[in-house]
Amino acid sequence: AQSVTQLGSHVSVSEGALVLLRCNYSSSVPPYLFWYVQYPNQGLQLLLKYTTGATLVKGINGFEAEFKKSETSFHLTKPSAHMSDAAEYFCAVKGDFGNEKLTFGTGTRLTIIP
Amino acid sequence: GAVVSQHPSRVICKSGTSVKIECRSLDFQATTMFWYRQFPKQSLMLMATSNEGSKATYEQGVEKDKFLINHASLTLSTLTVTSAHPEDSSFYICSARDPGGGAYTQYFGPGTRLTVL
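Those sequence lines, one after another, are chains A and B. Taking our numbering, the leading residue of the first sequence gets 66, the next gets one more, and so forth. Taking our numbering, the leading residue of the second sequence gets 84, the next gets one more, and so forth.
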């Protein structure tokens, strides 16, 4: 079975500062990992994904994430926060072989301080 | 990129009535769609997996007779909340897998806010 743990339900950073959102996963098979962003009263938008290959994945809006198998982590980073980054961020892992279900973490609300 | 729409975006209904929510993939054909429910300030909980031309697969604890899912075409899945009650009030989000998107990527609709009075 798969599971995702997002450390920190709320993260606040100053505008221009580094953004770091943590995600650790558990998976019985090589994982497919995803980060999604949700703005208020909206659906989820895919930021980036890791499947195989390069462990550093670049996504939209300047975000990137690094898959670290030894640490079972897939932390999301952005070098310089912008006010428009304020949103809820969800990490997710795909199910076992042939299982398309996504298991989501509990989410991290990112607040940007002007 | 792949676009998924939902209709309506917001619905208010009286207790005991039924509400239908539509989920459409606009620029791709989706053999598989997913329905999620999200409570305030919480994560998404998968309700069911909808496969075109076959019965939906419901997650444990989800009442299939209350949450009717139909996936009649490759671009449309519907969720009908039957005999809705206030506890069914929630944010319902659908997603669709784009076969051309690779790596089982799901694209999400904008969600439907259901309020049952």
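We treat Cβ as the ideally placed atom computed from N, Cα and C, and that holds for glycine.
Three-state secondary structure (DSSP) of residue i
i: E170/B; result: helix
i: S93/A; result: coil
i: S149/A; result: helix
i: N153/B; result: strand
i: N164/A; result: coil
i: S138/A; result: strand
i: T117/A; result: coil
i: T114/B; result: coil
i: K143/A; result: strand
Sub-8 Å separation of residue i and residue j beta-carbons
i: S237/A; j: S93/A; result: The question about residue 237/A has no answer, for chain A in this structure spans 66 to 179.
i: S156/B; j: M116/B; result: no
i: K143/A; j: F155/A; result: no
i: A157/A; j: Y101/A; result: yes
i: F169/A; j: L200/B; result: no
i: Y175/B; j: W118/B; result: yes
i: S178/B; j: V87/B; result: yes
i: S139/A; j: C88/A; result: It is Phe, not Ser, that sits at residue 139/A in the sequence shown. Contact flag set, yes.
i: T195/B; j: Q121/B; result: no
i: D171/B; j: L197/B; result: yes
i: W110/A; j: E153/A; result: Note on residue identity: the sequence assigns Gln, not Trp, to residue 110/A. No.
Length of the line joining the Cα atoms of residue i and residue j
i: H168/B; j: L162/B; result: 15 Å
i: T70/A; j: T173/A; result: 10 Å
i: K138/B; j: D161/A; result: 21 Å
i: S173/B; j: E135/B; result: 25 Å
i: K103/B; j: V164/B; result: 6 Å
i: K134/A; j: S101/B; result: 47 Å
i: P91/B; j: E136/A; result: 42 Å
i: H147/A; j: K147/B; result: 43 Å
i: E165/A; j: Y187/B; result: 6 Å
i: S77/A; j: S149/A; result: 13 Å
i: G99/B; j: K124/B; result: 26 Å
i: V145/B; j: N153/B; result: 15 Å
i: P105/A; j: L175/A; result: 12 Å
i: R180/B; j: T114/B; result: 7 Å
i: A151/A; j: L112/A; result: 14 Å
i: T140/B; j: L129/B; result: 11 Å
i: T171/A; j: A130/A; result: 18 Å
Beta bridge counterpart(s) of residue i as assigned by DSSP
i: N106/A; result: Looking at the DSSP assignment, N106/A forms no beta bridge with any residue, so it has no partner.
i: R120/B; result: M128/B and Y175/B
i: I95/B; result: T198/B
i: Q89/B; result: C106/B
i: Q189/B; result: R180/B
i: R174/A; result: H75/A and E153/A
i: V205/A; result: No answer is possible for residue 205/A: it lies beyond the span of chain A, which begins at 66 and ends at 179.
i: K123/A; result: E129/A
i: T140/B; result: T132/B
i: K169/A; result: It is Phe, not Lys, that sits at residue 169/A in the sequence shown. DSSP lists A157/A as partners of F169/A.
i: L162/B; result: I104/B and I152/B
i: V84/A; result: K143/A
i: L111/A; result: Y101/A
Neighbour list for residue i in chain E, Cβ cutoff strictly below 7 Å
i: P123/B; result: Looking at the structure shown, chain E is missing, and the protein chains on hand are A and B.
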